[in-house]
Amino acid sequence: MYHLNLPFKMRRFFFVFIFFMVSCDVETPIKNNFVVEAFLFQGEKVDDIKIKETRLWNSEDTEDVYIEDASVILYGNGDEFDLEYSVSDESYTYKDNIDIVSGKTYGIEVVVDGRTATAQTIVPTKPLGLRMSANKIIVPPLKISRALPDILANLFENARTDVRWDNPNNENHYLTIKYVGEEEDPIFSDEIPGAVGDFFSNFSLQSEPNQGESYNVICMSLKNYGKYKVSLYKINDEYMNLFDSEVQDGTELNEPPSNIINAFGIFSAFASDTTSFEIVRK
109 MYHLNLPFKM
119 RRFFFVFIFF
129 MVSCDVETPI
139 KNNFVVEAFL
149 FQGEKVDDIK
159 IKETRLWNSE
169 DTEDVYIEDA
179 SVILYGNGDE
189 FDLEYSVSDE
199 SYTYKDNIDI
209 VSGKTYGIEV
219 VVDGRTATAQ
229 TIVPTKPLGL
239 RMSANKIIVP
249 PLKISRALPD
259 ILANLFENAR
269 TDVRWDNPNN
279 ENHYLTIKYV
289 GEEEDPIFSD
299 EIPGAVGDFF
309 SNFSLQSEPN
319 QGESYNVICM
329 SLKNYGKYKV
339 SLYKINDEYM
349 NLFDSEVQDG
359 TELNEPPSNI
369 INAFGIFSAF
379 ASDTTSFEIV
389 RK
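All residue numbers for the sequence shown refer to my numbering, where the first residue is 109 and numbers rise by one.
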């Protein structure tokens, strides 16, 4: 068994997925092995490649142990790139930009204590037709009054916007929202009881990979007035297989899906497009 973190719901945005995987593979034993968590994002810097020691899911150790002295080579576009460990990122990175191009195949080779692991992944094509049904949503300033409950109920139902995209081939996508304002500008001021804001925060974005073509954003679930960046990611098969394996019967010793040869983990790639919307007072 080993512990694996997946991107999406991690440091990039709002949430964290933690999957506890089970393995009985005699050819890939836990002892003297390692975990590869390597993710490429089309058009973005290569900075999300982590190599970790294996850890039993029921271990009393709760901290991931990152391997800092691995040899990590990324292959792509006819070149090879020797990655170096960044202590601040806890990830292997490259000093210059590496073009991560949709439709291209990339490979990785990781060597730890003489053990070599390899994998390949194909970067998906960019999502199509990303757009908002409304780019500006009005949420008037909230004040304590007898009318406040009705105002909040109305805003919950109507202060919304749809993220839409085209998906003729029923491919899997994942959506994230990030506040990009220069400073905090709370929708719920200190005048409003904290329990009110806490209630609405329960409806925050909980997007999971799906084959749909839209996502309804409840703007009252967001914390600030201002601009929000919407990123839509197209997901390839190896990541989707691993995501689907989240729901497993703990009594079954099932080997988790993995495209890493001679180690544990995953090497996957994503393509994205972005748009934005604003929450304003009037």
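Glycine residues also receive a C-beta, built at the ideal position from the N, C-alpha and C atoms. Owing to the predicted nature of the structure, the values given are computational and were not obtained by experimental measurement.
How should LYS203 be labelled, buried or exposed, when 16 other C-beta atoms within 10 angstroms of its C-beta is the threshold for buried?
-> exposed
Among ASP155, VAL154 and SER199, the one whose alpha carbon lies nearest that of ILE175 = SER199
Would you mind sorting GLU291 into buried or exposed? The rule is 16 or more other CB atoms within 10 Å of its CB.
-> exposed
Spatially closest choice to ILE159 from GLY211, GLU217 and GLU152, by CA coordinates = GLU217
Opening and closing residue of the alpha helix (DSSP H) in which ASN324 lies | Counting along the chain, ASN324 falls outside any alpha helix (DSSP H), though it belongs to the beta strand (DSSP E) covering 322-326.
ASP187 versus THR229: straight-line alpha-carbon distance, rounded | 15 Å
Which same chain residues, not among the five before or five after GLY289, have their C-beta less than 7 Å away from its C-beta?
-> ASN332, GLY334 and LYS335
With 16 other Cβ atoms within 10 Å as the buried cut-off, status of PRO232 = Per the 10 Å Cβ criterion, buried.
Taking the alpha carbon of PHE296 as the point to measure from, which residue in GLU265, ASN318 and SER329 has its own alpha carbon closest?
-> SER329
Taking all protein chains shown into account, do 16 or more other C-beta atoms lie within 10 angstroms of the C-beta of ASN262, making it buried, or fewer, making it exposed?
-> exposed
What residue does the beta strand (DSSP E) around SER377 start on, and which one ends it?
-> Per the sequence shown, the amino acid found at residue 377 is Ala instead of Ser. Element bounds for ALA377: 372-388.
Inter-residue Cα distance where the pair is LEU361 and VAL338 = Here the model assigns LEU361 a pLDDT of 40, short of 50, so the residue's position is not dependable and the matter cannot be decided.
Can at least three beta-carbon pairs, one atom from the region 146-163 and one from the region 379-388, be found at a separation below 8 Å?
-> yes
Which term fits GLU346, buried or exposed, when burial requires 16 or more other beta carbons within 10 angstroms of its beta carbon?
-> Note on GLU346: 16 or more other CB atoms within 10 angstroms of its CB, so buried under the neighbour-count rule.
Which whole-angstrom value is the C-beta distance of PHE94 and THR226, which I expect to be below 8 Å?
-> Outside the shown range of the chain, which is 109 to 390, sits residue 94, and nothing can be said about it.
Close Cβ partners of ARG239 (< 6 Å) along its chain, the five nearest in sequence each way excluded | ARG272
Short check: CB of ILE368 to CB of VAL144, under 8 Å?
-> yes
If you draw a straight line from the alpha carbon of ASN278 to that of ASN266, how long is it in whole angstroms?
-> 29 Å
Rounded to a whole number of angstroms, what is the C-alpha to C-alpha distance between ILE246 and ILE374?
-> 42 Å
What are the complete beta strand (DSSP E) segments, minimum 3 residues, inside the region 203-283?
-> 213-220, 223-230, 236-240, 244-246 and 268-274
Beta carbon of THR269, beta carbon of SER315: below 8 Å?
-> no
Supposed close pair PRO317, ILE343 - CB separation, criterion 8 Å = 5 Å
Mind checking who GLY334 pairs with in its DSSP beta bridge?
-> ILE387
Please look up how many angstroms separate the CB atoms of GLY215 and TYR183, rounded, as I've assumed it's under 8 Å.
-> Rounded, the Cβ-Cβ distance is 4 Å, consistent with contact.
Limits of the unbroken beta strand (DSSP E) element including THR201 = 199-201
Going straight from the alpha carbon of MET129 to that of SER366, what length do you get?
-> Any reading at MET129 is ruled out, since the residue's pLDDT is 40, under 50, leaving its predicted position unreliable.
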